[in-house]
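Undergrad:
Residue numbers (this note's numbering): 355 to 557.
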């Protein structure tokens, strides 16, 4: 009869996810995973599988966390929908914690394994698609509220914002400051097409 596990699975997976987010897949060794979880190789692999399986689980946790953060920020933030979206995206792009920052693990996964691992690619694409849909819904609400032009292609604009968030994550590695990153992301939202200005009445 197998012995019951003496560790919290969620805590272990959270620690594994944080490790991959900090340094990526290739730079994470088995020793690193054992150190951050406090588990031996047998317990770690027996419970979760090999390093690749652990990375897939980390991607799943990342998806849950990103979607939950977006939903909560759009629902509970102050101001109009467009103001809430702008504040939320800036915060998710500039937070110092890799565990909370948008796209950190996704970009690493797509860059390191996406072309060679169909399961990693599928998870990455699924997460991007889910986030894009949430942003598109927020933009549609902003259209309804009169903040954006009624002809705004919300799906296309959501894709642009998502690409901006992905891009700044790469630029961060090149030394872009958090202040500049926040300005870039904020400008991407601010520069969305606003409502049409009524034509002046002829005197």
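Yeah, the Cβ is synthetic: ideal placement off N, Cα and C, and Gly gets one too.
If you compare alpha carbons, which of 422, 459, 363, 488 is closest to residue 401?
TA: Of 422, 459, 363, 488, the residue nearest in Cα terms is 363.
Undergrad: What span of residues does the alpha helix (DSSP H) with residue 318 cover, start to end?
TA: Beyond the ends of the chain as shown, which are 355 and 557, falls residue 318; an answer cannot be given.
Undergrad: If you draw a straight line from the C-alpha of residue 356 to the C-alpha of residue 396, how long is it?
TA: Because the pLDDT at residue 356 is just 43, under 50, the model does not fix this residue reliably, and the value given afterwards should be weighed accordingly. C-alpha separation (whole angstroms): 14 Å.
Undergrad: Give me the residue from 381, 435, 399 with the minimum Cα distance to residue 543.
TA: That would be 435, whose Cα lies nearest to the Cα of residue 543.
Undergrad: Quick check: what's the CA-CA separation for residue 500 versus residue 492?
TA: Cα to Cα, the separation comes out at about 13 Å.
Undergrad: Please say whether residue 522 and residue 447 have beta carbons closer to each other than 8 Å?
TA: Yes, these two residues count as a Cβ contact at 8 Å.
Undergrad: Mapping the DSSP letters down to three states, classify residue 381 as helix, strand or coil.
TA: Residue 381: coil per DSSP, three-state reduction.
Undergrad: Going by the C-beta, is residue 467 closer than 7 Å to any heavy atom of the ligand NAD?
TA: The ligand NAD is absent from the structure shown, which contains no ligands of any kind.
Undergrad: Do the region 406-419 and the region 466-475 meet, that is, are 3 or more Cβ pairs less than 8 Å apart?
TA: With a cut-off of 8 Å, the region 466-475 and the region 406-419 count as touching, because enough Cβ pairs lie within range.
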